[in-house]
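Residue numbers (full-length UniProt numbering), protein chains in the order written: chain X, 1 to 359; chain W, 1 to 359. Ideal Cβ placement from N, Cα and C applies to all residues, glycine included. Nothing here was measured: the structure is a model prediction, and the numbers come from that model.
This is the structure we're talking about:
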């Protein structure tokens with residue numbers, strides 16, 4: 001039996017909400033139902049240009065979306081500083097929540113969001129799209145294969161993009177009162193998530209910022225790096241920046257194999273994603289070439305990763321609505337750990353590179 | 001007019017000397033002339049199985065190679081702890097020197113080797129083969145293109161390989177009295193060289209070891225990482241290890257472009273080497289894919305990179321022999337800077353991760 005499509009309300013008309021609106025349209029079990037903005041005109045314009053059905057509700061406030069009894073779930077792409085207020089309000093109004101990253105300004109704030117969601121029985125998931133790409137499951141299969149990959153030893157994750165002058169002046173991600181975590185919260189979130197993901201979400205023992213963090217005049221992080229260290233000697237480094245050409249590189253090195261990809265956050269192409277693996281790589285007899293050569297894997301997907309995300313979120317919401325299932329805690333668990341490590345990196349930056357324990 | 005082939009003598013029968021012997025055979029301006037080992041039998045066996053001509057000299061000592069007046073140049077693949085002694089002796093005997101890396105146990109030792117070479121007018125070059133691959137010049141062209149790459153902002157270089165039980169027990173690279181620098185001297189050398197190369201050999205301001213260096217029981221480095229920091233905010237990280245699957249990854253991120261390759265030390269294939277570049281990478285309108293996509297470049301070479309190295313070395317030696325030219329200082333300058341940074345990383349490891357200045 002087909003699922004009843006989950007009716008989404010969107011809080012605000014952020015640029016990223018356009019991509020997620022399309023994803024909601026593409027997801028077989030979700031539908032665009034409402035959008036709210038502080039400006040009714042902006043909301044109407046957003047609905048008209050982003051494939052909302054004629055029957056969709058257009059509201060001049062976020063509250064109005066939350067007060068609409070027909071809204072099942074909200075997507076919250078508001079600046080991070082507004083997450084606590086609007087996510088807890090949404091939970092209180094029994095709306096399931098798809099929340100943009102970083103999920104909060106710090107893990108204490110996020111815990112209050114989680115508490116509101118738990119006590120109101122609503123699903124909470126962050127909007128880390130790549131987690132839902134079918135490629136991710138394929139890569140995980142490789143990483144957990146003790147014959148092909150062995151044990152993870154080291155990792156490097158990079159996400160940089162060259163922000164233009166307008167972004168560096170006006171984007172919410174450079175404003176201390178909006179997205180105070182800057183490049184760390186925006187791009188660094190993905191680096192940390194990928195590292196935790198490859199580590200089965202086992203937390204590192206400590207985090208240590210690298211020297212050389214760059215801030216804008218308002219004191220927001222524009223570029224930074226860190227290393228993460230586990231009890232067993234595993235080490236990961238990450239680098240995120242608004243100052244380097246768009247680069248999304250992840251490399252994970254195990255005792256027996258290596259995983260590598262260059263577009264982990266957003267695949268080069270929407271429906272076709274690649275990754276490279278190698279196992280027990282060695283050399284020709286005179287060390288003049290590699291044997292075996294790395295293998296390239298292609299993973300096709302009909303639904304873009306953000307639509308896969310909306311589909312999974314809506315499936316969980318449907319389980320709650322239809323069967324009274326409990327919300328799936330796994331997803332907010334991932335969010336919390338990512339935020340927790342991100343906070344530790346931030347604390348280490350604030351302490352001039354001192355190691356910050358995570359236990 | 002064809003050059004007179006440079007007559008090579010090889011000191012010792014190291015495994016790597018087999019690859020270089022073949023390279024000398026392949027180089028149009030070099031020839032295998034002599035090999036010396038502490039065991040005459042080993043030397044004879046080495047000559048017989050590595051393409052030495054019947055006329056080649058086989059000696060039961062390194063001294064005998066240096067005393068042969070027909071030897072123009074020596075290749076020294078001896079353990080690092082023996083470089084100072086044999087390289088200075090070779091220079092005194094007016095032999096041009098192709099020296100395995102790391103060039104010395106520390107930069108002070110290397111300076112004594114340089115002094116011996118300079119005062120005897122002989123060419124000195126280290127055996128960092130990838131520097132001579134035609135791919136390297138192509139990549140450099142990209143890195144220096146202000147429109148396509150812009151200014152270097154950050155970099156990551158990795159070289160790991162999974163040493164087997166025999167290596168970890170017996171190889172010279174795990175012995176404190178032979179190659180005391182372990183994985184840092186062996187694999188880390190390449191990481192540091194690639195970073196300096198991309199930075200036009202501009203030295204970083206300071207180096208800082210990451211936590212988590214692993215040592216064997218004898219106290220030799222088996223795995224380590226570091227970050228390097230330049231005056232202008234550029235940052236590079238490196239990781240080298242004997243404990244991870246074979247991985248050779250370099251990524252250099254500029255303000256406008258990105259350079260990436262996965263086999264910088266030894267190309268996957270001998271005669272065909274790849275690298276990837278991207279310039280002003282951005283996204284499709286809804287941020288669902290990349291525009292433009294990265295470009296893959298293929299560089300063909302008739303001569304393998306190690307034969308290109310021997311050819312360039314022999315060309316320089318011929319210039320000295322025929323025209324009385326001065327030795328080319330560029331090459332030992334690269335060696336010295338690599339060793340200098342390597343020493344700083346080692347010092348930082350010894351000081352528990354303290355920053356070590358390089359100015």
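Can you name the residues that DSSP bridges to residue i?
i	result
residue 348 (chain X)	Answer is none; residue 348 (chain X) lacks a bridge partner.
residue 157 (chain W)	W:238, W:250
residue 272 (chain W)	W:300
residue 279 (chain W)	W:257
residue 120 (chain X)	Residue 120 (chain X) pairs with nothing; no bridge assigned.
residue 208 (chain W)	W:227
residue 215 (chain X)	X:221
residue 57 (chain W)	W:34
residue 263 (chain W)	W:248
Between residue i and chain X, is the shortest Cβ-Cβ distance under 8 angstroms, so that the two count as touching?
i	result
residue 204 (chain W)	no
residue 211 (chain W)	yes
residue 229 (chain W)	yes
residue 364 (chain W)	Given that chain W is displayed from residue 1 to residue 359, the structure contains no residue 364 (chain W) and the question cannot be resolved.
residue 156 (chain W)	yes
residue 1 (chain W)	Note that residue 1 (chain W) has pLDDT 47, beneath the 50 cutoff, so the model's placement of it is unreliable and no number is given.
residue 17 (chain W)	no
residue 6 (chain W)	no
residue 280 (chain W)	yes
residue 35 (chain W)	no
residue 208 (chain W)	yes
residue 332 (chain W)	no
residue 287 (chain W)	yes
residue 243 (chain W)	yes
Can the beta-carbon of residue i be found less than 8 angstroms from the beta-carbon of residue j?
i	j	result
residue 257 (chain X)	residue 245 (chain W)	yes
residue 46 (chain X)	residue 37 (chain X)	yes
residue 359 (chain W)	residue 205 (chain W)	yes
residue 115 (chain W)	residue 16 (chain W)	no
residue 211 (chain W)	residue 229 (chain X)	yes
residue 57 (chain W)	residue 90 (chain W)	no
residue 123 (chain X)	residue 313 (chain X)	yes
residue 194 (chain X)	residue 250 (chain X)	yes
residue 275 (chain W)	residue 259 (chain W)	yes
residue 96 (chain W)	residue 308 (chain W)	no
residue 86 (chain W)	residue 184 (chain W)	no
residue 284 (chain W)	residue 304 (chain X)	no
residue 271 (chain W)	residue 300 (chain W)	yes
residue 7 (chain W)	residue 72 (chain W)	yes
residue 242 (chain X)	residue 327 (chain X)	no
Mapping the DSSP letters down to three states, classify residue i as helix, strand or coil.
i	result
residue 49 (chain W)	helix
residue 254 (chain W)	strand
residue 341 (chain W)	helix
residue 36 (chain X)	strand
residue 186 (chain W)	helix
residue 20 (chain W)	helix
residue 177 (chain W)	coil
residue 99 (chain W)	strand
residue 31 (chain X)	strand
residue 82 (chain W)	helix
residue 243 (chain W)	strand
residue 90 (chain X)	helix
residue 9 (chain W)	strand
residue 26 (chain X)	helix
residue 73 (chain X)	strand
I'd like to know if residue i contacts chain W, where contact means its C-beta is closer than 8 angstroms to some C-beta of that chain.
i	result
residue 73 (chain X)	no
residue 214 (chain X)	yes
residue 354 (chain X)	no
residue 102 (chain X)	no
residue 301 (chain X)	no
residue 255 (chain X)	yes
residue 268 (chain X)	yes
residue 128 (chain X)	no
residue 233 (chain X)	yes
What whole-angstrom Cβ distance do residue i and residue j have, given they're in contact under 8 angstroms?
i	j	result
residue 253 (chain W)	residue 153 (chain W)	5 angstroms
residue 127 (chain W)	residue 98 (chain W)	6 angstroms
residue 236 (chain W)	residue 223 (chain W)	About 18 angstroms; that fails the 8 angstroms criterion.
residue 81 (chain W)	residue 180 (chain W)	7 angstroms
residue 41 (chain X)	residue 315 (chain X)	Going by Cβ atoms, the distance from residue 41 (chain X) to residue 315 (chain X) rounds to 35 angstroms, so no, they are not a contact pair.
Please determine whether the Cβ atom of residue i lies at a distance below 7 angstroms from any heavy atom of the ligand FAD.
i	result
residue 345 (chain X)	Inclusion of the ligand FAD in the displayed structure is not the case, the ligand content being empty and no account of it being possible.
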